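Read the structure below first, then the notes.
Protein chains: 2
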Amino acid sequence: MSDEKAFLTAYRAKDYPRPSVAVDLVILTIIDAQLRVLLVKRKEHPFKGQWALPGGFVRVGEGPIEQGEDLDEAARRELKEETGLDPERVYLEQLFTFGKAGRDPRMRVITVAYYALVRPDLAPFVKAGGDASDVEWFDVAVLSKLKLGFDHEEIVEMALSRIRGKLEYTNIAFDLVPATFTIPELRHVHGVVLGKPMDPGNFRRSFNRWLAEGRLEVAPGKRITSSKPAAVYRFKRARD
Amino acid sequence: MSDEKAFLTAYRAKDYPRPSVAVDLVILTIIDAQLRVLLVKRKEHPFKGQWALPGGFVRVGEGPIEQGEDLDEAARRELKEETGLDPERVYLEQLFTFGKAGRDPRMRVITVAYYALVRPDLAPFVKAGGDASDVEWFDVAVLSKLKLGFDHEEIVEMALSRIRGKLEYTNIAFDLVPATFTIPELRHVHGVVLGKPMDPGNFRRSFNRWLAEGRLEVAPGKRITSSKPAAVYRFKRARD
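Laid out in structure tokens, this is it:
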């Protein structure tokens, strides 16, 4: 046995204290002109009966180390299991890893948080499963009244801050708007995500810059509005 | 004993397979007009004698679950132990968590990667410690020739991409420039980070926008240059 093989064999025989690793999902959409987050009601302790983010433990597996589940894979599996949403039709991105001791009363749990954006037309098709007894879209403005389990309110806050920061310089709104939209429609979506109405003049200037940068383009056809027919636009690419 | 307490007691007695959790550090600075990353030579298997990112396991602890080390704490400790740098004088931010099965030949290891920016005047004061037999700043342009251990080249690539993306819309260059700088000096730093020279006209337009947005401001005094005295500027705030 080589020096390295002997080292690995000896190493694996040792038993270090290890944390559990989970994924948690901040799933967002726009319904009724509100930015909403998808929460599940917990079937089990801890925080039984309270609302919390969907999520669960990464399956490490007991077989060869090459066979365990990857983090993205765990996030997609939990999305499907607990909310019924199709991971193929949802934009999912890693957000941040939270690992403070004591954040879970059971044991040391380090959680890799993801955020997901769901197209508003798919939002009604959610269904509780797994450890969730119920699933519901909540206005992000009322979260603090819900007393979420764990540090999940902090995780939602970080997702909101990430998405709000990205609105200005990425295509992140792509999944929250229809395929084509007028300028006031996109301004409205930005206002909903930012939680405050956008000034039309300032928004128009940003809009023109995105057009000049090639992030947006004019789409065919005009939209009938209450005043004169309005030009419609679309994102050139999905996200970034 | 309450229903919840009984649940927790039973839960903790179970033994699930758990991964190990580590932190890895992508530490960057500018030396001799090159963007450089700090690597350590590994004293132990696996990848013994090869260059890799500084890092190590998060100390979970065997005591009450409230007492283990937090992720940021582990990152600061490893920074100090393996490189001798003072965590108080270095900008450190969580980057991304990598957890693919098989990325470490010893066992399943999920690593929370951080990136750090070191002021060029502090860069010479590094000293190998812990599991590192040597420590050295390498030009990021030659990394692929070094054959780093683990998936560390992929981790460095993600750090570079994150920092390059942030140059345009944040104060991330704050830690890579002197306290005050001329426009060509800042342009030069951007060129080094991006790995290609910046067009002076385009850069001047971006610079004027940052001034208008209040990210930069004029600093007192003028700098003697080879031509006429040049205005100097500074960032209004450290980072964002």
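Residue numbers (my numbering), protein chains in the order written: chain A, 15 to 254; chain B, 15 to 254.
Note that CB positions come from ideal geometry on N, CA and C, so glycine has one too.
Keep in mind it's a predicted model, so treat the numbers as computed, not measured.
Could you give the DSSP three-state label for residue i: helix, strand or coil?
i, result
"Ser241 (chain A)", "coil"
"Gln64 (chain B)", "coil"
"Leu53 (chain A)", "strand"
"Thr43 (chain A)", "strand"
"Asp148 (chain B)", "strand"
"Gly113 (chain B)", "coil"
"Asp86 (chain B)", "helix"
"Gly179 (chain B)", "helix"
"Thr184 (chain B)", "coil"
"Val154 (chain A)", "helix"
"Ala36 (chain A)", "strand"
"Phe249 (chain A)", "strand"
"Phe71 (chain B)", "strand"
"Leu259 (chain B)", "Only positions 15 to 254 of chain B appear in this structure, which leaves residue 259 (chain B) out of reach."
"Tyr25 (chain B)", "helix"
"Ala130 (chain B)", "strand"
"Val123 (chain B)", "strand"
"Lys159 (chain B)", "helix"
"Lys236 (chain A)", "strand"
To which residues of the same chain is residue i closer than 8 angstroms at the C-beta, ignoring the five residues directly before and after it?
i, result
"Ser145 (chain B)", "The sequence shown places Asp at residue 145 (chain B), rather than the Ser named in the question. Around Asp145 (chain B): Val54, Arg56, Lys57, Glu58, Gly70, Glu96."
"Lys236 (chain B)", "Pro243, Ala244, Ala245, Val246"
"Glu199 (chain A)", "Val191, Pro192"
"Thr239 (chain B)", "Thr196"
"Gly98 (chain A)", "Phe139, Val140, Lys141, Ala142, Gly143, Val149"
"Ala47 (chain B)", "His202, Val206"
"Lys296 (chain B)", "The requested residue 296 (chain B) is not part of the displayed model; chain B covers only 15 to 254."
"Lys62 (chain A)", "Arg56"
"Leu208 (chain B)", "Arg178, Leu181"
"Phe230 (chain B)", "The residue you asked about is not Phe; residue 230 (chain B) is Leu in the sequence shown. So the list reads Phe221, Trp224, Tyr247, Arg248, Phe249, Lys250, once near-sequence residues are dropped."
Under a Cβ-count criterion, where at least 16 other Cβ atoms within 10 Å of its own Cβ denotes burial, should residue i be classed as buried or exposed?
i, result
"Leu49 (chain A)", "buried"
"Glu102 (chain B)", "exposed"
"Glu182 (chain A)", "exposed"
"Glu76 (chain B)", "exposed"
"Glu92 (chain B)", "buried"
"Val104 (chain A)", "buried"
"Val156 (chain B)", "exposed"
"Pro34 (chain B)", "Here residue 34 (chain B) is Ser; the residue named in the question, Pro, does not match the sequence. Label assigned to Ser34 (chain B): buried."
"Leu225 (chain A)", "exposed"
"Pro214 (chain B)", "exposed"
"Ala173 (chain A)", "buried"
"Pro68 (chain B)", "buried"
Spatial neighbours of residue i within its chain, please: C-beta separation below 6 angstroms, excluding the five flanking residues on both sides.
i, result
"Thr125 (chain A)", "Ala36, Asp38, Phe112"
"Phe221 (chain A)", "Ile197"
"Ala252 (chain A)", "Phe188"
"Leu160 (chain B)", "Trp65"
"Gly82 (chain B)", "Val74, Gly75"
"Phe217 (chain A)", "Arg201"
In chain order, what residues of the same chain have a beta carbon less than 7 angstroms from the beta carbon of residue i, not counting five sequence neighbours either side?
i, result
"Val232 (chain B)", "Ala245, Tyr247"
"Asp118 (chain A)", "Phe164"
"Ala115 (chain A)", "Arg122"
"Ala66 (chain A)", "Leu53, Val54, Arg56, Leu162, Gly163, Phe164, His166"
"Ala89 (chain B)", "Val37, Leu39, Leu106, Tyr128"
"Thr194 (chain B)", "Ala233, Val246, Tyr247, Arg248"
"Ser147 (chain B)", "Lys55, Lys57"
Residue i and residue j look like a contact to me (Cβ under 8 angstroms); what is the Cβ gap, rounded to whole Å?
i, j, result
"Val74 (chain A)", "Pro60 (chain B)", "About 19 angstroms separates the two Cβ atoms, so there is no contact after all."
"Ala130 (chain B)", "Trp151 (chain B)", "No, Ala130 (chain B) and Trp151 (chain B) are not in contact; Cβ-Cβ is about 13 angstroms, not under 8 angstroms."
"Leu85 (chain B)", "Arg120 (chain A)", "The Cβ separation is near 19 angstroms, so there is no contact."
"Val170 (chain A)", "Val51 (chain A)", "6 angstroms"
"Gly228 (chain A)", "Lys250 (chain A)", "6 angstroms"
"Ile45 (chain B)", "Pro134 (chain B)", "6 angstroms"
"Leu109 (chain A)", "Arg178 (chain A)", "13 angstroms between Cβ atoms; not a contact."
"Val154 (chain B)", "Thr43 (chain B)", "In fact, because the Cβ distance is near 11 angstroms, the residues do not count as touching under 8 angstroms."
Following a CB-centred definition, is residue i positioned closer than 7 angstroms to any heavy atom of the ligand ATP?
i, result
"Trp151 (chain A)", "With respect to the ligand ATP, the structure shown offers nothing to examine, as it has no ligands at all."
| query | At which residue ranges does the region 187-234 of chain A contain complete beta strand (DSSP E) runs of 3 or more residues, listed in the order of the chain? | reply | none
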